[in-house]
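Asks: Chains as they are written, first to last, in my numbering: chain A, 1 to 311; chain B, 312 to 622. Cβ coordinates follow ideal geometry from the N, Cα and C atoms, glycine included.
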């Protein structure tokens, strides 16, 4: 089979399509012929050598795909710890999802990782409830655009940040009630003490402003630290307001956790996709051989929504 | 009735016993003749003008007491938002507890606030489970000595910090498995990556070391910031380990929360007190008129366990 590899470990742009041995499935795995593979920011980090795969997982990039189970012909979505940038992937059974009714395999490949990440953090961890105000940073990205739609469907009041008028308009169309241009305004001044939940991808530089934005009982969930890992935390301010700060990644979780998350996500989120309340937001597709161009496109920050590779 | 007041708002030692109007109970309150009132660090802070009572609550200090319900003669423990340093207190019905079988009213007055604080944070919020390693800072204090006993009774492995050989020995007798002298060793070096839950009273200066000490899935709960409010948080370190930081106070909670906490605490903790698994740790009692001396004694840091005032 063909798969993407990093020809020169020191050059993140040296993504090359090469012949590779087909993955040998373990007892609890099936082999999936990949029809489409989602591109995530974590893949860009892995290409830069900053996000190695967990022990025992494939070295190949790619955290989600959709395709056909070899032998049965069943069409599935797949949450992966790696291995999506390839013609064939071995996938733990607990990490398979149905293809939502009405979605193509390309669209399915664009939502598995993001749906599981958003639901694990907003639904299972933060426990968002109808009527709560939720702030989503980076609302025009893959995670953000999915989170806005999910929260709007759940009856939350959705606030978001983005960096241009076009992106803000895009977020409003997805269902955001409040859209703040972070180049023009301080979100903490606008939202001071009002957010029940915040989904953050910036990390350290936003920490103090995120905590200032939290309401009594507010939960801050950080899933990426694009601005840097460390920030200042004011525990004295948080105490009388009973607030919490959570930080998680999905990829590092043990397989039994992932199976639990996939099952809960299919249960809670797939019906919202099938009803049209949440639409996949595929920005652009690239042939698998052009993975480097796909990474450049995602890195540029000009896109809205998700980027998908087609073997 | 007589009650303690701060004669000079600028002098925390000017605690004086004066005549005061008896409190008028609201519809959902009963009047309790106070037999004993626990002294807490929050009272010391209030005397210094740093911890005003929540709106609508008594100005008088005192967050817990035990006594007799006027009219029925029933003996009760009371969780208070204020008003315990007095001969009579008005108490919301939801904040009354039974007197645990075998305990005196003095002992009961020494455990209500601490039991509710420890259970709300370790049981209800952090969800400690049998077999988990839990670090309790300040193990020889009122909160710490109760938390060690509760955790040992629940089958946790208990680590603790204290500042002298005598206090460490006291903590071991209460059930601590690991006791670290913070003047001689860095607890984060000893416990690196091993603690499922940490109960913290130091705050900012301990934040980085507390997070270093957390295991995968670890929860840090800060209930006081005796060392200062602000610290550095490394979200990047926390993410792959799926950790969380919580900060809470009990006093600021709405009454319905307090009623829920009192009910859960009586349910989960009172049986452990009645079986003798958790013993009250009254260090010293003072007459109510000597509240200033009681505060000096608690402030000195020489005590182990709780300080109680007797009207």
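(1) Identify the contact partners of residue 545/B in chain A, using a Cβ-Cβ distance below 7 Å as the criterion.
(2) Which of helix, strand or coil does DSSP assign to residue 312/A?
(3) Decide if residue 413/B is buried, meaning its Cβ has at least 16 other Cβ atoms within 10 Å, or exposed.
(4) Would you grab the beta carbon distance between residue 512/B and residue 535/B for me? Rounded to a whole angstrom, and I think it's under 8 Å.
(5) When DSSP builds the beta bridges, which residues end up paired with residue 232/A?
(6) Between residue 559/B and chain A, is any beta-carbon pair separated by less than 8 Å?
(7) Please report whether the beta-carbon of residue 554/B lies at a distance below 8 Å from any beta-carbon of chain A.
(8) In three-state DSSP terms, what is residue 273/A?
(9) Going along chain B, which residues have a C-beta under 8 Å from residue 225/A?
(10) Would you check if the segment 483-497 of chain B and the segment 415-427 of chain B touch, i.e. whether three or more CB-CB distances between them fall below 8 Å?
(11) Give, in chain order, every residue of the segment 503-534 of chain B whose Cβ lies closer than 8 Å to some Cβ of chain A.
(12) With a threshold of 8 Å on Cβ separation, who are the neighbours of residue 528/B within its own chain once the five nearest residues in sequence on each side are excluded?
(13) With three or more beta-carbon pairs closer than 8 Å as the criterion, would you say the segment 562-572 of chain B touches the segment 542-549 of chain B?
(14) State the Cα-Cα distance for the pair residue 425/B and residue 457/B, rounded to the nearest angstrom.
(15) Please check the pair residue 449/B and residue 428/B, which I expect to be a contact at CB under 8 Å, by giving their CB distance rounded to whole angstroms.
(16) So, is the C-beta of residue 575/B closer than 8 Å to a C-beta in chain A?
(17) With DSSP as the reference, label residue 295/A as helix, strand or coil.
(18) Beta carbon of residue 323/B, beta carbon of residue 401/B: below 8 Å?
(19) My output table needs one value for residue 596/B: the three-state DSSP class, helix, strand or coil.
(20) Whole angstroms are fine: how far does the CA of residue 315/B sit from the CA of residue 394/B?
(21) For the segment 596-610 of chain B and the segment 571-579 of chain B, state whether three or more C-beta atom pairs, one from each stretch, are separated by less than 8 Å.
(22) Just to confirm before moving on: does the CB-CB distance between residue 389/B and residue 397/B stay below 8 Å?
(23) Let's test the definition: count the other Cβ atoms within 10 Å of the Cβ of residue 72/A and tell me whether it reaches 16, buried, or not, exposed.
(24) Where does residue 381/B fall in DSSP's three states?
(25) Under 9 Å Cβ-Cβ, which residues of chain B neighbour residue 252/A?
(26) Here's a check: name, in chain order, each residue in its chain whose Cβ is nearer than 7 Å to the Cβ of residue 595/B, leaving out the five neighbours to either side.
(27) Does the distance between the C-beta of residue 13/A and the nearest non-hydrogen atom of the ligand ATP fall short of 7 Å?
(28) Would you check if the distance between the CB atom of residue 69/A and the CB atom of residue 294/A is smaller than 8 Å?
(29) Would DSSP call residue 330/B helix, strand or coil?
(30) Can you have a look at residue 64/A and say buried or exposed, based on whether 16 or more other CB atoms are within 10 angstroms of its CB?
(31) Look up residue 210/A in the DSSP assignment and say whether it is helix, strand or coil.
(32) So what does DSSP say about residue 530/B, is it helix, strand or coil?
(33) With residue 622/B and residue 345/B assumed to form a contact (beta carbons below 8 Å), what rounded beta-carbon distance in angstroms separates them?
(34) Below 6 Å CB to CB, which residues in the same chain sit around residue 505/B once its five sequence neighbours on both sides are set aside?
(35) Quick check on DSSP: helix, strand or coil for residue 278/A?
(36) Closest to residue 574/B by C-alpha separation, out of 516/B, 531/B, 403/B, 319/B, would be which residue?
Replies: According to the structure data:
(1) Within 7 Å Cβ-Cβ: 229, 230.
(2) Lying before the first or after the last residue shown, residue 312/A is absent from chain A, which here runs from 1 to 311.
(3) Note on residue 413/B: under 16 other CB atoms within 10 angstroms of its CB, so exposed under the neighbour-count rule.
(4) About 4 Å; that satisfies the 8 Å criterion.
(5) DSSP, once it has assigned bridges, lists 543/B as partnering residue 232/A.
(6) Chain A contact via Cβ: present.
(7) It does: the Cβ of residue 554/B has a partner Cβ on chain A nearer than 8 Å.
(8) Helix.
(9) The contacting residues are 546, 547, 550.
(10) Proximity of the segment 415-427 of chain B to the segment 483-497 of chain B falls short of the contact definition, fewer than three beta-carbon pairs being nearer than 8 Å.
(11) Answer in chain order: 514, 515, 518, 533, 534.
(12) Cβ neighbours of residue 528/B beyond the five flanking positions: 507, 552, 553, 554.
(13) No, the segment 562-572 of chain B is not in contact with the segment 542-549 of chain B.
(14) Spanning the two alpha carbons is a distance of roughly 7 Å.
(15) Not quite, the Cβ-Cβ distance comes to about 13 Å (not below 8 Å), so this is no contact.
(16) No, residue 575/B lies away from the interface with chain A (no Cβ there is under 8 Å from its Cβ).
(17) Reduced to three states, the DSSP call for residue 295/A is helix.
(18) No.
(19) Correct three-state label for residue 596/B: strand.
(20) Each residue's Cα considered, the two are about 9 Å apart.
(21) The segment 596-610 of chain B makes no contact with the segment 571-579 of chain B: fewer than 3 CB pairs, one atom from each, lie closer than 8 Å.
(22) No, they are not a contact pair.
(23) Taking all protein chains in view, the Cβ of residue 72/A is surrounded by fewer than 16 other Cβ atoms within 10 Å, so the residue is classified as exposed.
(24) Correct three-state label for residue 381/B: coil.
(25) Against chain B, the beta carbon of residue 252/A has neighbours under 9 Å at 527, 550, 551, 552, 553, listed in chain order.
(26) Cβ neighbours of residue 595/B beyond the five flanking positions: 608, 614, 618.
(27) With respect to small molecules bound, the structure shown includes none, and the ligand ATP cannot be examined in it.
(28) No. Outside cutoff.
(29) Here residue 330/B sits in strand by DSSP.
(30) Burial call: buried.
(31) Residue 210/A carries a helical assignment under DSSP once its states are collapsed to helix, strand and coil.
(32) In this structure, residue 530/B counts as strand in the three-state DSSP scheme.
(33) So it is a contact: roughly 5 Å between Cβ atoms.
(34) Answer for residue 505/B: 444, 526, listed in chain order.
(35) Note: residue 278/A maps to coil in three-state DSSP.
(36) Of the listed residues, the one whose Cα sits closest to residue 574/B is 403/B.
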